[in-house]
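Residue numbers (this note's numbering): 64 to 329. Have a look at the structure below before the remarks.
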């Protein structure tokens with residue numbers, strides 16, 4: 064499906080250019096996984112806020128259930144939990160790579176106070192053992208992030224192993240998803256794990272996601288601008304497409320969905 068003529072280069076609408084995201088750097092407080100690609104903090108925040116704006120216009124004001132079926136080390140979802148935790152009820156994450164999923168579990172634990180407390184204790188041990196200035200800086204960041212976490216209720220976080228292109232049955236708890244958000248594999252560091260055709264893989268992914276969404280909902284798919292995004296026009300229609308930081312982001316609204324369950328207030 065050729066949508067190139069509809070895609071435009073957009074400026075950031077929600078995120079200020081001069082915002083400082085040093086506290087969210089991979090390997091500082093959040094765990095960095097060898098070989099994992101890390102998404103831009105500014106970009107993932109912008110995508111989420113555009114999704115939230117659209118859902119609000121459709122009467123879904125959250126708090127949102129969010130799912131990334133290609134979560135990798137969970138960096139992007141953890142960033143969203145730290146930046147926008149007050150707007151999130153649940154964070155679901157899955158990946159085919161068991162090693163990366165271990166990092167995802169550690170990163171996602173940081174969106175709640177208990178996980179951040181464990182990270183703070185860990186950094187204190189590092190400071191005592193190695194006396195590196197970088198560990199002291201990381202501890203300062205952890206305390207700042209903890210202050211943000213304590214301002215919102217605990218988020219339900221679940222990470223699980225799954226090949227989204229092949230799994231017959233996804234977990235029963237994965238339902239009522241408001242926002243499916245993911246970055247498609249590209250290049251040498253990531254791959255589709257055997258299904259190398261982008262068009263076939265993305266169509267399969269979106270078909271699998273459709274039954275886990277409840278309207279109004281949204282699927283936000285980012286990719287390298289050279290990649291093809293295919294989807295069933297009977298299941299989704301395109302809301303918008305834009306390019307930021309050399310990534311093409313397409314927001315799709317699923318059609319024919321049952322009404323969303325009422326999320327309890329937070």
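Glycine included, C-beta positions come from ideal geometry on N, C-alpha and C.
Separation of residue j from residue i, as counted between CA atoms
i, j, result
"residue 283", "residue 186", "34 Å"
"residue 137", "residue 317", "24 Å"
"residue 124", "residue 195", "44 Å"
"residue 266", "residue 199", "46 Å"
"residue 302", "residue 197", "43 Å"
"residue 95", "residue 139", "12 Å"
"residue 116", "residue 314", "12 Å"
"residue 229", "residue 264", "10 Å"
"residue 311", "residue 202", "35 Å"
"residue 304", "residue 177", "38 Å"
"residue 216", "residue 175", "8 Å"
"residue 287", "residue 300", "20 Å"
"residue 275", "residue 81", "37 Å"
"residue 143", "residue 169", "15 Å"
"residue 289", "residue 309", "10 Å"
"residue 135", "residue 145", "17 Å"
"residue 296", "residue 79", "34 Å"
Same chain, Cβ closer than 6 Å to residue i, neighbours up to 5 away in sequence not counted
i, result
"residue 204", "86, 91 and 92"
"residue 232", "none"
"residue 114", "242, 281 and 283"
"residue 77", "109 and 112"
"residue 75", "109"
"residue 183", "205"
"residue 120", "none"
"residue 149", "215"
Coil, strand or helix - residue i by DSSP
i, result
"residue 245", "strand"
"residue 126", "coil"
"residue 279", "strand"
"residue 314", "strand"
"residue 92", "coil"
"residue 78", "coil"
"residue 157", "strand"
"residue 319", "coil"
"residue 174", "coil"
"residue 308", "coil"
"residue 293", "coil"
"residue 65", "With a pLDDT of 44 at residue 65, under the threshold of 50, the modelled position of this residue cannot be trusted; read the value that follows with caution. Correct three-state label for residue 65: coil."
"residue 227", "coil"
"residue 285", "strand"
"residue 215", "coil"
"residue 205", "helix"
"residue 299", "strand"
"residue 143", "helix"
Own chain partners of residue i with C-beta closer than 8 Å, once the 5 adjacent residues on each side are dropped
i, result
"residue 298", "269, 270, 273, 317, 318 and 319"
"residue 224", "157, 158, 159, 161 and 164"
"residue 190", "198, 199 and 202"
Sub-8 Å separation of residue i and residue j beta-carbons
i, j, result
"residue 118", "residue 279", "yes"
"residue 126", "residue 151", "yes"
"residue 218", "residue 154", "yes"
"residue 73", "residue 307", "yes"
"residue 104", "residue 171", "no"
"residue 141", "residue 222", "no"
Classification of residue i by the beta-carbon crowding that lies within 10 angstroms, buried from 16 upward
i, result
"residue 181", "exposed"
"residue 102", "buried"
"residue 147", "buried"
"residue 188", "exposed"
"residue 192", "exposed"
"residue 236", "exposed"
"residue 84", "exposed"
"residue 122", "exposed"
"residue 261", "buried"
Neighbourhood of residue i by C-beta, 7 Å cutoff - its chain only, sequence neighbours within 5 removed
i, result
"residue 45", "Within the shown structure, residues of the chain are numbered from 64 to 329, placing residue 45 beyond reach of any answer."
"residue 245", "131, 132, 133 and 284"
"residue 89", "95, 101 and 138"
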